[in-house]
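S.K.: I'd like to ask you about the structure that follows.
2 protein chains.
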Amino acid sequence: MGKERSEKEKVGGGGGGEHNKRNMFVSCVVMNSCAAELKLVLTALLVLCSIATLFQILPSRFAISASDLRFCISRITTTTTTTTTTTIAPLNSTTTTTTTIAPLNSTTTTIPLTPSPPSAQKDQVADNGVIKRVFNPYGSAAYNFITMGAYRGGHNTFAIIGLASKPLLLYSTPTYQCEWVPESSSASNSTFSTVSYRILPDWGYGRVYTVVVVNCTFSEAVNGENSGGKLFLEASTSGGGDKNLNITDRFEVLNESPGDLNMSLFSSKPKYDYLYCGSPLYGGLSPQRVREWIAYHVRLFGERSHFVIHDAGGVHEEVLEVLKPWLELGYITLQDIKEQERFDGYYHNQFMVVNDCLHRYKFMAKWMFFFDVDEYIYLPPKNTIKSVLDSLSGYTQFTFEQMPMSSKLCLSADYGRYYRKWGIEKLVYRDVKRGTRRDRKYAIQPRNVFATGVHMSQNFAGKTTYKTEGKIKYFHYHGTIAQRREPCRNLLNVTEINFEKVPYVLDTTMRDLAWSVKKFELKMIGPKLQNTRQ
Amino acid sequence: MGKERSEKEKVGGGGGGEHNKRNMFVSCVVMNSCAAELKLVLTALLVLCSIATLFQILPSRFAISASDLRFCISRITTTTTTTTTTTIAPLNSTTTTTTTIAPLNSTTTTIPLTPSPPSAQKDQVADNGVIKRVFNPYGSAAYNFITMGAYRGGHNTFAIIGLASKPLLLYSTPTYQCEWVPESSSASNSTFSTVSYRILPDWGYGRVYTVVVVNCTFSEAVNGENSGGKLFLEASTSGGGDKNLNITDRFEVLNESPGDLNMSLFSSKPKYDYLYCGSPLYGGLSPQRVREWIAYHVRLFGERSHFVIHDAGGVHEEVLEVLKPWLELGYITLQDIKEQERFDGYYHNQFMVVNDCLHRYKFMAKWMFFFDVDEYIYLPPKNTIKSVLDSLSGYTQFTFEQMPMSSKLCLSADYGRYYRKWGIEKLVYRDVKRGTRRDRKYAIQPRNVFATGVHMSQNFAGKTTYKTEGKIKYFHYHGTIAQRREPCRNLLNVTEINFEKVPYVLDTTMRDLAWSVKKFELKMIGPKLQNTRQ
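Take a look at the structure:
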């Protein structure tokens, strides 16, 4: 740094001029060897000195003064296979602030830096002896807004999904507005959204950041001529971090190229009947459990279904292996969302992820399901997924109840071969403790939904029902998915038991389905996953 | 802007080199007039071209390219007698982000701006079909650190008092370190503190910001030669707002001019025996109540006492009027801390203010008292402030109990003239409800204290005691200080009463002192405050 800095000074500042002049002068003295050639030498000197002067003038017009640079923060691309430290050093010795960025892990990122202010203001004593104290703020502790996605929701409406600073939303009232800027300047001017509101679907759960869904609606169609344009979000802090300032960050969130827009999408029959939006997967997931889960649900939901899997680090090599056959058949879209781990929100930013999924695939499916990969949807006999959902089509949302299953208790009958059995096959004891509130899971018709959650949506048009008993429920194998060891710990041959103060009953509902799921998997993708490990 | 940029490019980038070469070449052609002088010309050319080359190299190391400049944010001085909006526009047309600052009120402030990043990164689809999602962060929602004061605590130790982002401290572990940079370059190099720790005296109470006291100790004396120097604080986010980045803001917090340091301060007898550190005053305070409070306490604490009053907006014209006589006598220092209202912390940043007072006046007083302006210290008969504190001198801290007084109940005997009586004279009913935990107040010997709170310090060396009954206590007239109306609402002629379900007894302890306080005030400052209004 020291070296770099001194070189900058040579050119940028007044000191640089002195240095250059001295160099020139030395050169000139060496040249002055012969009196007869004096005229030519003088000419050369004149040219030399003119250039030297020119160089002194130009940098001063260049005019990045030390005081400007002090606030000048450049884009830092931190390529950090080794631990690189990038320091922005002050250009002269009166400078008193610096911002240093040291990357914390080995990913490559382009990030904005926050500037430090100039030299600190000083306390002042007024004529009446009162000491006027100053408070000098430095740096930045959190971004104002972080975008995940922005999606068109119709001819004049958009949704932007992202994170915002939690205390900003808790203690201030930041505002959001959209601006549409047409691609060609010959088109009409940019327009602003007339209705812009924010939804906070994870209220109460955020950490440094909390989830925001911004809904922007314009008074008339935007990009109606399909000539392209850009959507900008304007996010204002409304004095959140500094009551004196309303800082508005304006940034592009969506870019529609000319001809790209297909308005018929919003009124067409969706591509899929059923779309699964998964919460972020993370940690050391069991490939075998994931293999069972995906085979079970592709069979359940059928051909007109699709699964959006969000990888927050959980889709390691072996898990990818079991997803691959279904990826290749087009049943799965895998979203790599590991980058969101940079931003400290609730539970791998789960609420942001499901809202991104909702809006990204809003017009792609009639129904969307939100549940986890240790949960299995179950339809009682004589029901099909179609018959159940047709009977609920008058509702925008329905929720369904949980059947909690033990993650340890297995059957003595499986002794010696339980390790070859599937999870739903060998874990057959159901927790029947009364008086416990059990989480429910839910499905929605996404075209009527504005934002969603993990256990239900609270922002939709239309009706909701929880009366789904006898139609649909889910079996929950809590504690099995992130475990690579054999789950069976206790082999029992009873139909009822109290285990660790919890009453369980034998329930072979899922066990009885396992054979048909295995058969389905074999038919669909062959035997390639037969040797998958727990 | 466009012009500036093109001139910058001439010098800064490769284009500048081209331009310079062409100039040189023209010069060289003109010079080449005579074959006999060829050798000399060639020499001149060589020198010229060497210099030209040198200039090409230097600017390219300087390397402020246009794309860097896009993120360059300069200091914005918003002078806002009218509602000014300052916009930082992008430097070229591919830039898609802007930050606008609209001041929220009519004060004049110099503030740092937060930069927006360049154009957004886009999601990418990998060869295996996985969608790699990007998350684009924008702007800033909170400062990393805000300084209020930095004070030397001895030959090698300092305390820096300020605010830091609350979620940063709640969910991350930001680190703080000090650096001492000697004034003269001939002195030794800059040194770093060997022990740096943070105290969070308001833990659990912050909002956007929380209070931090940084204690920095160096392995040996700094500025021992009294040749001047500067203390810098380095505040690192440790990935708080972005897990990939450890942003360190380095800024000057203290500047000691040559000859300024008086090391004897730390071992001398303090200037005052008793110093009052007040919490921030705000709102529509009653001038008459403040008049009574200051006269009472100057009399109580005596000549070797001093009062530090913090004005967070409460010292309006009429309140200043009643403080002025005592200001002129040197009993009061008035700190205007209105500026801290910009930063949303707990209760006018009360915890920061008392800690600033502690460290600012640490070596100025033997004892420091922390209580409010609706509270009156009381010493039972036969005690003096000296006798009490001498008896407690073995303790770094002691706390004392509260006598809660009604803010409404007065004596029938005062009928017709209560409006002329002082608050402590007419409010004579004491709340004697049992089983209620009552706040205590406290005093400390500041030289042994590292940080403090509102009801006690938890960071000190030495002993603390709460066994002060019979020696010192305080009467609390809650709800009287911010009221401009006459407090007496009910006139009673009983010695006990249950009022609004609370038992009260007649207690004329303070009433009996009122006459001597009035006499003292008259003696000290004359009758100038006689017509003060409630």
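Just so you know, the sequences run in chain order A and B. Plus 15 on top of the position in the first sequence (first one is 1) and you've got the numbering used here. Plus 15 on top of the position in the second sequence (first one is 1) and you've got the numbering used here. Don't be surprised by glycine CBs; every beta carbon is placed ideally from N, CA and C.
1. Does the separation of the CB atoms of Thr495 of chain A and Asp389 of chain A fall below 8 Å?
2. Could one say the Cβ of Tyr346 of chain A lies closer than 8 Å to chain B's Cβ atoms, at least one of them?
3. Can the beta-carbon of Ala466 of chain A be found less than 8 Å from the beta-carbon of Trp382 of chain A?
4. Alpha carbon to alpha carbon, how far is Asn261 of chain A from Ser283 of chain B? Give it in angstroms, no decimals.
5. I want to know whether the segment 140 to 155 of chain A touches the segment 201 to 215 of chain A - three or more CB-CB distances under 8 Å.
6. Can you have a look at Ser301 of chain A and say buried or exposed, based on whether 16 or more other CB atoms are within 10 angstroms of its CB?
7. Provide the residue(s) that pair with Arg456 of chain A in DSSP beta bridges, ordered along the chain.
8. Could you give the first and the last residue of the continuous beta strand (DSSP E) run that contains Trp195 of chain A?
9. Within its chain, find whatever has a CB closer than 7 Å to the CB of Lys543 of chain B; leave out the 5 residues flanking it on each side and keep chain order.
10. Report the residue from B:Gly244, B:Phe358 and B:Gly169 whose alpha carbon sits nearest the alpha carbon of Glu235 of chain B.
11. If we cut at 8 Å on Cβ distances, does Pro152 of chain B have a partner in chain A?
12. What separation, rounded to the nearest whole angstrom, lies between the Cα atoms of Val532 of chain B and Asp405 of chain B?
13. Please report whether the beta-carbon of Asn159 of chain A lies at a distance below 8 Å from any beta-carbon of chain B.
14. To the nearest angstrom, how far is the alpha carbon of Gly298 of chain A from that of Gly328 of chain A?
15. Kindly indicate which three-state DSSP category Phe77 of chain B falls into: helix, strand or coil?
16. Below 6 Å CB to CB, which residues in the same chain sit around Glu536 of chain A once its five sequence neighbours on both sides are set aside?
17. Using 8 Å as the threshold, is the segment 181 to 195 of chain B in touch with the segment 285 to 295 of chain B, meaning 3 or more CB pairs across them?
18. Output, in chain order, the set of chain B residues within a Cβ distance shorter than 9 Å of Gln355 of chain A.
19. Residues of chain C with CB closer than 8 Å to the CB of Ile116 of chain A, please, in chain order.
20. Nearest chain B C-beta to Tyr186 of chain A closer than 8 Å, yes or no?
21. Starting from Glu336 of chain A and walking both ways along the alpha helix (DSSP H), at which residues does that stretch end?
22. Look at Phe160 of chain B and Tyr489 of chain A and say whether their C-beta atoms are less than 8 Å apart.
23. Based on DSSP bridge pairs, tell me the residues matched to Cys503 of chain A.
24. Looking at Val323 of chain B and Gly293 of chain B, is the spacing between their C-beta atoms short of 8 Å?
25. Phe535 of chain A by DSSP, collapsed to three states: which one?
26. By the three-class DSSP mapping on this structure, what secondary structure does Ala327 of chain B have?
27. Should Ser180 of chain B be flagged as near chain A, meaning a C-beta pair shorter than 8 Å?
28. Hey, could you find the ends of the beta strand (DSSP E) His470 of chain B is sitting in?
29. Between the segment 363 to 379 of chain B and the segment 495 to 510 of chain B, do at least 3 Cβ pairs fall closer than 8 Å?
30. Please classify Gln139 of chain B: is it buried, with 16 or more other beta-carbons within 10 angstroms of its beta-carbon, or exposed?
31. So Tyr519 of chain B and Arg445 of chain B are supposed to be a Cβ contact under 8 Å. How far apart are they, rounded?
32. If we define contact as Cβ-Cβ less than 8 Å, is Ile352 of chain B a contact residue for chain A?
33. In whole angstroms, what is the alpha-carbon distance linking Asn474 of chain A and Pro182 of chain B?
34. If you measure from the beta carbon of Asp288 of chain B to each beta carbon in chain A, is any gap under 8 Å?
35. Which residues in chain B have a C-beta closer than 7 Å to the C-beta of Arg222 of chain A? List them in chain order.
36. DSSP state of Ser211 of chain B, grouped into three classes?
M.R.: From the atom records:
1. Taking the first residue of the first sequence as position 1, residue 495 of chain A is located at position 480. Taking the first residue of the first sequence as position 1, residue 389 of chain A is located at position 374. Result yes, Cβ atoms of Thr495 of chain A and Asp389 of chain A sit closer than 8 Å.
2. In the first sequence, counting from the first residue as 1, residue 346 of chain A sits at position 331. Tyr346 of chain A has a beta carbon lying at 8 Å or more from every beta carbon in chain B.
3. Position 451 of the first sequence, counted from the first residue, corresponds to residue 466 of chain A. Position 367 of the first sequence, counted from the first residue, corresponds to residue 382 of chain A. Cβ distance not < 8 Å, so Ala466 of chain A and Trp382 of chain A don't count as in contact.
4. Against the second sequence, residue 283 of chain B aligns to sequence position 268. Against the first sequence, residue 261 of chain A aligns to sequence position 246. Rounded to whole angstroms, the separation of the alpha carbons of Asn261 of chain A and Ser283 of chain B is 48 Å.
5. Judged by Cβ distances under 8 Å, the segment 140 to 155 of chain A makes no contact with the segment 201 to 215 of chain A, as fewer than three pairs qualify.
6. If you number the first sequence from 1, residue 301 of chain A lands on position 286. Burial call: buried.
7. On the first sequence, position 441 is the one that residue 456 of chain A refers to. The question names Arg, but residue 456 of chain A is Lys in the sequence shown. A:Phe415.
8. What you label residue 195 of chain A is simply residue 180 of the first sequence in a count that begins at 1. Thr190 to Pro197 is the extent of the beta strand (DSSP E) around Trp195 of chain A.
9. What you label residue 543 of chain B is simply residue 528 of the second sequence in a count that begins at 1. The answer, listed in chain order, is Pro340.
10. As a working mapping, residue 235 of chain B is identified with position 220 in the second sequence. Nearest option by C-alpha distance: B:Gly169.
11. On the second sequence, position 137 is the one that residue 152 of chain B refers to. Pro152 of chain B counts as touching chain A.
12. Taking the second sequence and counting its residues from 1, one reaches residue 532 of chain B at position 517. Taking the second sequence and counting its residues from 1, one reaches residue 405 of chain B at position 390. Between the C-alpha atoms of Val532 of chain B and Asp405 of chain B there is a straight-line separation of about 24 Å.
13. Working through the first sequence from its first residue, we reach residue 159 of chain A at position 144. By this cut-off, Asn159 of chain A is an interface position.
14. Your numbering for residue 298 of chain A matches position 283 in the first sequence. Your numbering for residue 328 of chain A matches position 313 in the first sequence. Distance between Gly298 of chain A and Gly328 of chain A, taken at the CA atoms: about 6 Å.
15. Position 62 of the second sequence, counted from the start, is the residue given in the question as residue 77 of chain B. With a pLDDT of 32 at Phe77 of chain B, under the threshold of 50, the predicted position of this residue should be treated as unreliable, and no value is reported.
16. For the purposes of this step, residue 536 of chain A is taken as the residue at position 521 of the first sequence. Taking Glu536 of chain A as the centre and dropping the five residues before and after it, the same chain places the C-beta of Ala310 closer than 6 Å to its C-beta, in chain order.
17. No, they do not touch.
18. One-based indexing of the first sequence puts residue 355 of chain A at position 340. In chain order: Arg148 and Phe150.
19. The structure shown has no chain C; the protein chains it does contain are A and B.
20. For the purposes of this step, residue 186 of chain A is taken as the residue at position 171 of the first sequence. Answer yes: the Cβ-Cβ gap between Tyr186 of chain A and chain B drops below 8 Å somewhere.
21. Along the first sequence, read from residue 1 onward, the residue named residue 336 of chain A stands at position 321. Unbroken alpha helix (DSSP H) run through Glu336 of chain A: Glu332 to Glu343.
22. On the second sequence, position 145 is the one that residue 160 of chain B refers to. On the first sequence, position 474 is the one that residue 489 of chain A refers to. Not a contact, by the Cβ cut-off of 8 Å.
23. Walking along the first sequence from the start, residue 503 of chain A turns up at place 488. Beta-bridge pairing by DSSP links Cys503 of chain A to no other residue.
24. Stepping through the second sequence from its first residue, residue 293 of chain B is reached at position 278. Stepping through the second sequence from its first residue, residue 323 of chain B is reached at position 308. It is a contact, given that the beta carbons lie within the stated cut-off.
25. Here residue 535 of chain A corresponds to residue number 520 of the first sequence, with the count starting at 1. Looking at Phe535 of chain A - three-state DSSP - the assignment turns out to be helix.
26. In the second sequence, counting from the first residue as 1, residue 327 of chain B sits at position 312. Of the three classes helix, strand and coil, the one that applies to Ala327 of chain B here is coil, per DSSP.
27. Your numbering for residue 180 of chain B matches position 165 in the second sequence. Chain A contact via Cβ: present.
28. As a working mapping, residue 470 of chain B is identified with position 455 in the second sequence. That residue, His470 of chain B, is in no beta strand (DSSP E); it is neither H nor E in DSSP.
29. Counting Cβ pairs under 8 Å, fewer than three are found: no touch.
30. Residue mapping note: residue 139 of chain B aligns to position 124 of the second sequence, counting from 1. Gln139 of chain B counts as exposed, since fewer than 16 other C-beta atoms from the protein chains shown sit within 10 angstroms of its C-beta.
31. By 1-based counting over the second sequence, the position of residue 519 of chain B is 504. By 1-based counting over the second sequence, the position of residue 445 of chain B is 430. Cβ-Cβ separation between Tyr519 of chain B and Arg445 of chain B: approximately 6 Å, consistent with a contact (criterion under 8 Å).
32. Position 337 of the second sequence, counted from the first residue, corresponds to residue 352 of chain B. Taking Cβ atoms only, chain A reaches closer than 8 Å to Ile352 of chain B, which makes this a yes.
33. In the first sequence, residue 474 of chain A corresponds to position 459, counting from 1. In the second sequence, residue 182 of chain B corresponds to position 167, counting from 1. The alpha-carbon atoms of Asn474 of chain A and Pro182 of chain B are separated by roughly 28 Å.
34. Position 273 of the second sequence holds residue 288 of chain B. Chain A, which has no Cβ nearer than 8 Å to the Cβ of Asp288 of chain B, makes this no.
35. The residue you call residue 222 of chain A lines up with position 207 of the first sequence. Per Cβ cutoff of 7 Å: Pro182 and Tyr186.
36. To locate residue 211 of chain B, count along the second sequence from 1; it is residue 196. Looking at Ser211 of chain B - three-state DSSP - the assignment turns out to be strand.
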